[in-house]
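Only one structure is covered here, and it is reproduced in the block below.
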């Protein structure tokens with residue numbers, strides 16, 4: 343779940359509500375695809391989007407997330 347109204351900075355905060363979710367597997371999946379993310383803090387994850395990150399790279403992250411959760 344992403345609260346689009348709260349996005350006013352270069353960080354994206356989100357939660358994962360999936361039955362049998364394995365955080366270690368999720369983080370490793372992203373790491374293996376060269377995507378860095380902080381582990382959760384009270385079930386809240388965070389991506390930081392730096393100014394050199396373009397739409398193509400953001401699309402790649404979205405594709406990887408869709409792949410993982412499909």
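Residue numbers (the working numbering): 343 to 412.
No residue lacks a Cβ here, since even glycine has one placed at the ideal position from N, Cα and C.
A Cβ-Cβ distance of about 11 Å is found for the pair residue 379 and residue 406, leaving them out of contact under the 8 Å criterion.
In this chain, the beta strand (DSSP E) harbouring residue 387 covers 386 to 390. In terms of Cβ geometry, residue 388 and residue 363 do not form a close pair [threshold 7 Å]. Scanning the region 349 to 381 for uninterrupted beta strand (DSSP E) segments of 3 residues or longer gives 353 to 356, listed from N- to C-terminal end.
Of all alpha-carbon atoms in 401, 343, 393, 408, the one lying nearest the alpha-carbon of residue 352 is that of 393.
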